[in-house]
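Novice: Right, I'll just put the structure down here and ask away after.
Protein chains: 2
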Amino acid sequence: MDSDPAPRRQRGRPPLPQKKIIDTAIQIIDRDGADALSFRSLANRLGSSTATLYRHVANKTELINLVFDQILGEAQLDRIELQRLPWDEACRRTTARVFHALSGHGRTAALLAEVVPTGPNAMAAREDLMNVLTAAGFEPLQAARIVATLGHYALGFAIQTPTIAGTDAAKVPGLSQPDPTDYPVTASVADHLPLPLAEEFAFGLDLLIDGLRKQCPRHDP
Amino acid sequence: MDSDPAPRRQRGRPPLPQKKIIDTAIQIIDRDGADALSFRSLANRLGSSTATLYRHVANKTELINLVFDQILGEAQLDRIELQRLPWDEACRRTTARVFHALSGHGRTAALLAEVVPTGPNAMAAREDLMNVLTAAGFEPLQAARIVATLGHYALGFAIQTPTIAGTDAAKVPGLSQPDPTDYPVTASVADHLPLPLAEEFAFGLDLLIDGLRKQCPRHDP
DNA sequence: ACCTGAACACCGTTCAAGT
DNA sequence: ACCTGAACACCGTTCAAGT
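Line by line, the protein sequences are chains Y and A. Residue 1 is where the first sequence starts when you use our numbering, and the numbers rise one by one after that. Residue 1001 is where the second sequence starts when you use our numbering, and the numbers rise one by one after that.
Right under this line is the structure:
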């Protein structure tokens, strides 16, 4: 009867699509941290081997770029919604979403210093924001500068996100208990140090956006 | 005659002071890049062994912290000169010096994401800047926030400094030759991309400082 | 044609064994 | 008491050998 119960061979693409590789990579990062992501751990979780992975991903740099662009995709604001916002709010929200998306996924950002994002989601995000800015009167080159600076700002802060957000204050004795003789001013606010990175990020971002408003050609002083 | 020409045994400290370890580490970084710094390469260049290094440095994190603080020391402005400057110039120059010192030493910054600087030079720099800010009328906690944000700003950008500064434009084809159909605005300025990171850094820093001026209690609108 | 165990040249870190 | 070769448990990456 059941002479051929075996599933028919999938003759299409190999059963290891890039999307699944990337999703699994992000799972590993979310569960065990960015440092736990290796070709071995990834192959293991996929039930494959490292050598096979190299048939689908050129090397670790490409893997990280793919992961990064996927996370950027999650962070994306809807394009139409974006264009409805005032340009300064569009910049502020986009930058904040990128930072929080990266911070949210363990220390993914730590993997991609030195990478210039060129994945489809990165390209789209840049183009969208530049559209908003040129529509607001900025020159294209100035718009590019603004977008690049905000991107480096978000990524730079995300890279510095500590692994375990809650327990860091206790782990930095030199900063939490500075010698009041040597460092009186620091000591006077030591109870509050280190300040939450997300708070510093927002503080600096508001300063940046505020400064940009004055540079807008249609700025009314 | 020369019955005892051998140099007298140095009975003092072992001939491997921490300063020499740090200096050699920085030499390796400057010559071969931050990725070339390992306990093996360091031991090799010192004519020692990895196990011996561990008797002088607890682990790689501590090594990086020591290297970082040394570089920070090179970047330090003279304290007296600092106090003579207007507070906004003091902030701007200090931040810029930290960024350029880190960028100048290969990709040292890449090694120290997630590190909260607590070395003596880091502590001194924080204290000095906070003094300048409180003297200018800022509340101590606000001063701490400003210093922390500027520190993360400098470090975040330094981390993203590309390895070989000059040759990167050619290496990012996705950005230098974006599809004009998909990304028309990006394409219109593609000749200028990617913008030099140092330029973006200065652009953003000016925005930050400018924004801070409005927050100064003694600000005249 | 596709897959993979095993290898290569590296890491950070530790420890038994040397002097 | 101080030093160190060798080891351990990892990396990214490649390749000969399997089916």
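The beta-carbon is built from N, C-alpha and C at its ideal position, and this holds for glycine as well. Just so you know, these numbers come straight off a predicted model, no measurement behind them.
(1) When DSSP labels each residue in this structure, what does Asp182(Y) get in the three-state scheme?
(2) Would you call the segment 73–82 of chain Y and the segment 134–150 of chain Y in contact, with 3 or more CB pairs under 8 angstroms?
(3) State whether the segment 1181–1200 of chain A contacts the segment 1117–1137 of chain A, with contact taken as three or more CB pairs (one from each stretch) at a distance under 8 angstroms.
(4) Let me know if Ala36(Y) comes out buried or exposed under the rule of 16 or more other beta-carbons within 10 Å of its beta-carbon.
(5) Within a Cβ cutoff of 6 angstroms, which residues of the same chain sit near Thr1167(A), ignoring the five residues on either side of it in sequence?
(6) Judging by CA-CA distance, which residue of Ala1034(A), Ile1028(A) and Met1130(A) is the nearest neighbour of Ala1043(A)?
(7) Could you work out which residues of chain A lie near Phe203(Y), taking near to mean beta carbons separated by less than 7 angstroms?
(8) Would you call Arg1084(A) buried or exposed, if buried means 16 or more other Cβ atoms sit within 10 Å of its Cβ?
(9) In chain A, which residues lie less than 8 angstroms from Gly211(Y) when you measure between Cβ atoms?
(10) With H, G and I counted as helix, E and B as strand and the rest as coil, what does DSSP make of Ala170(Y)?
(11) Taking Pro178(Y) as the query, report the chain A residues whose CB atoms sit under 7 angstroms from its CB, ordered along the chain.
(12) CA-CA distance, Ser48(Y) and Asp1069(A)?
(13) Please report the distance separating the alpha-carbon of Leu66(Y) from that of Leu53(Y).
(14) Verify whether the separation of the beta carbon atoms of Thr161(Y) and Ser103(Y) is less than 8 angstroms.
(15) Rounded to the nearest angstrom, what separates Val1147(A) and Leu208(Y) at their Cα positions?
(16) Do Ala1075(A) and Ala1101(A) have their CB atoms nearer than 8 angstroms?
(17) Under 7 angstroms Cβ-Cβ, which residues of chain A neighbour Leu141(Y)?
(18) Alpha carbon to alpha carbon, what distance is there between Leu1063(A) and Leu195(Y)?
(19) Taking C-alpha atoms, which residue in Ile21(Y), Thr95(Y) and Thr94(Y) lies nearest to Asn59(Y)?
(20) Starting from the C-beta of Ser38(Y), find all residues in its chain whose C-beta is less than 6 angstroms away, skip the five residues before and the five after it, and write them out in chain order.
(21) Which of the three DSSP states, helix, strand or coil, is assigned to Ser38(Y)?
(22) Using a Cβ-Cβ cut-off of 6 angstroms (strictly less than) and excluding sequence neighbours within five positions of Ala187(Y), which residues of its own chain qualify?
(23) Where Leu1112(A) and Ala198(Y) are concerned, what is the direct C-alpha to C-alpha distance, given to the nearest angstrom?
(24) Distance cutoff 8 angstroms, beta carbons only. Does Asn44(Y) sit that close to anything in chain A?
(25) Please identify, using Cβ separations under 7 angstroms, the residues of the segment 86–102 of chain Y that lie next to chain A, in order along the chain.
(26) Which chain Y residues are close to Gly1156(A), counting only those with a beta carbon under 8 angstroms from its beta carbon?
(27) Do Asp88(Y) and Leu212(Y) have their C-beta atoms within less than 8 angstroms of each other?
(28) Under a Cβ-count criterion, where at least 16 other Cβ atoms within 10 Å of its own Cβ denotes burial, should His1152(A) be classed as buried or exposed?
(29) For Thr1095(A), which of Leu1141(A), Leu1193(A), Phe1203(A) and Thr1024(A) has the nearest alpha-carbon?
(30) Check the C-beta distance from Ala1025(A) over to Gly1106(A) and give it rounded, since I have them as a contact under 8 angstroms.
(31) Can you tell me where the alpha helix (DSSP H) holding Asp128(Y) begins and where it ends?
(32) Have a look at Arg1045(A), Gly1156(A) and Phe1201(A) and flag the residue whose alpha-carbon is nearest the alpha-carbon of Phe201(Y).
(33) Below 8 angstroms on the Cβ atoms is my contact criterion, and I expect Cys1091(A) with Leu1150(A) to pass it. Report the Cβ-Cβ distance as a whole number of Å.
(34) With 16 other CB atoms within 10 Å as the buried threshold, where does Asp191(Y) fall?
(35) Whose Cβ in chain A lies nearer than 7 angstroms to the Cβ of Thr134(Y)?
Specialist: With the given structure in hand:
(1) Position 182 of the first sequence, counted from the start, is the residue given in the question as residue 182(Y). Three-state DSSP puts Asp182(Y) in coil, outside helix and strand.
(2) Taking 8 angstroms as the limit for Cβ pairs, the verdict is that the segment 134–150 of chain Y does not touch the segment 73–82 of chain Y.
(3) no
(4) The count along the first sequence starts at 1 and reaches residue 36(Y) at position 36. Classification for Ala36(Y): exposed.
(5) Stepping through the second sequence from its first residue, residue 1167(A) is reached at position 167. With a pLDDT of only 40 at Thr1167(A), under 50, the local geometry of the prediction cannot be trusted, and no value is derived from it.
(6) The sequence position of residue 1043(A) within the second sequence is 43, counting from 1. Of the candidates Ala1034(A), Ile1028(A) and Met1130(A), the one whose C-alpha sits nearest the C-alpha of Ala1043(A) is Ile1028(A).
(7) In the first sequence, residue 203(Y) corresponds to position 203, counting from 1. The contacting residues are Arg1145 and Thr1149.
(8) Looking up residue 1084(A) in the second sequence gives position 84. Under this definition Arg1084(A) is an exposed residue.
(9) The residue you call residue 211(Y) lines up with position 211 of the first sequence. Result: Asp1206, Leu1207, Leu1208, Asp1210 and Gly1211.
(10) If you number the first sequence from 1, residue 170(Y) lands on position 170. Residue confidence for Ala170(Y) is low, a pLDDT of 44 falling below 50, so the modelled location carries little weight; the figure read from the coordinates is stated next. Correct three-state label for Ala170(Y): helix.
(11) If you number the first sequence from 1, residue 178(Y) lands on position 178. Within 7 angstroms Cβ-Cβ: Met1123.
(12) Position 48 of the first sequence, counted from the first residue, corresponds to residue 48(Y). Position 69 of the second sequence, counted from the first residue, corresponds to residue 1069(A). Straight-line Cα distance between these residues: approximately 44 angstroms.
(13) The sequence position of residue 66(Y) within the first sequence is 66, counting from 1. The sequence position of residue 53(Y) within the first sequence is 53, counting from 1. Rounded to whole angstroms, Leu66(Y) to Leu53(Y) spans 14 angstroms at the Cα level.
(14) By 1-based counting over the first sequence, the position of residue 161(Y) is 161. By 1-based counting over the first sequence, the position of residue 103(Y) is 103. Result yes, Cβ atoms of Thr161(Y) and Ser103(Y) sit closer than 8 angstroms.
(15) The count along the second sequence starts at 1 and reaches residue 1147(A) at position 147. The count along the first sequence starts at 1 and reaches residue 208(Y) at position 208. If you take the alpha carbons of Val1147(A) and Leu208(Y), they lie about 16 angstroms apart.
(16) Working through the second sequence from its first residue, we reach residue 1075(A) at position 75. Working through the second sequence from its first residue, we reach residue 1101(A) at position 101. Yes; because the gap between Cβ atoms is below 8 angstroms, this pair is in contact.
(17) For this step, residue 141(Y) is matched to residue 141 along the first sequence. Simply Val1189 and His1192.
(18) Your numbering for residue 195(Y) matches position 195 in the first sequence. Your numbering for residue 1063(A) matches position 63 in the second sequence. Their Cα atoms are separated by approximately 25 angstroms.
(19) On the first sequence, residue 59(Y) is found 59 positions in, with the first residue counted as 1. With distances taken between Cα atoms, Asn59(Y) lies closest to Ile21(Y).
(20) Position 38 of the first sequence, counting from 1, holds the residue named residue 38(Y). Correct list: empty, nothing qualifies.
(21) Position 38 of the first sequence, counted from the start, is the residue given in the question as residue 38(Y). Note: Ser38(Y) maps to coil in three-state DSSP.
(22) Here the question's residue 187(Y) lines up with position 187 in the first sequence. Closer than 6 angstroms at the Cβ level, and outside the excluded window around Ala187(Y), lie Pro178 and Pro180.
(23) On the second sequence, position 112 is the one that residue 1112(A) refers to. On the first sequence, position 198 is the one that residue 198(Y) refers to. So the alpha carbons of these two residues sit roughly 18 angstroms apart.
(24) As a working mapping, residue 44(Y) is identified with position 44 in the first sequence. Asn44(Y) does not count as touching chain A.
(25) none
(26) As a first step, residue 1156(A) must be located in the second sequence, where it is residue number 156. Going along chain Y in sequence order, the residues near Gly1156(A) (Cβ under 8 angstroms) are His152, Tyr153, Leu155, Gly156, Phe157, Ile159 and Gln160.
(27) Along the first sequence, one-based indexing puts residue 88(Y) at 88. Along the first sequence, one-based indexing puts residue 212(Y) at 212. For the pair Asp88(Y) and Leu212(Y), the CB atoms are nearer than the 8 angstroms cut-off.
(28) If you number the second sequence from 1, residue 1152(A) lands on position 152. By the neighbour-count rule (16 or more Cβ atoms within 10 Å), His1152(A) is buried.
(29) Within the second sequence, numbered from 1, the residue matching residue 1095(A) stands at position 95. That would be Phe1203(A), whose Cα lies nearest to the Cα of Thr1095(A).
(30) Taking the second sequence and counting its residues from 1, the one referred to as residue 1025(A) is at position 25. Taking the second sequence and counting its residues from 1, the one referred to as residue 1106(A) is at position 106. Not really, about 11 angstroms apart at Cβ, beyond 8 angstroms.
(31) Translated into the one-based positions of the first sequence, residue 128(Y) becomes position 128. Its alpha helix (DSSP H) spans residues Pro120 to Ala135.
(32) On the first sequence, position 201 is the one that residue 201(Y) refers to. The residue with the shortest Cα to Cα distance from Phe201(Y) is Gly1156(A).
(33) Walking along the second sequence from the start, residue 1091(A) turns up at place 91. Walking along the second sequence from the start, residue 1150(A) turns up at place 150. So it is a contact: roughly 6 angstroms between Cβ atoms.
(34) The residue you call residue 191(Y) lines up with position 191 of the first sequence. Asp191(Y) comes out exposed.
(35) As a working note, residue 134(Y) is residue 134 in the first sequence. In chain order: Val1185.
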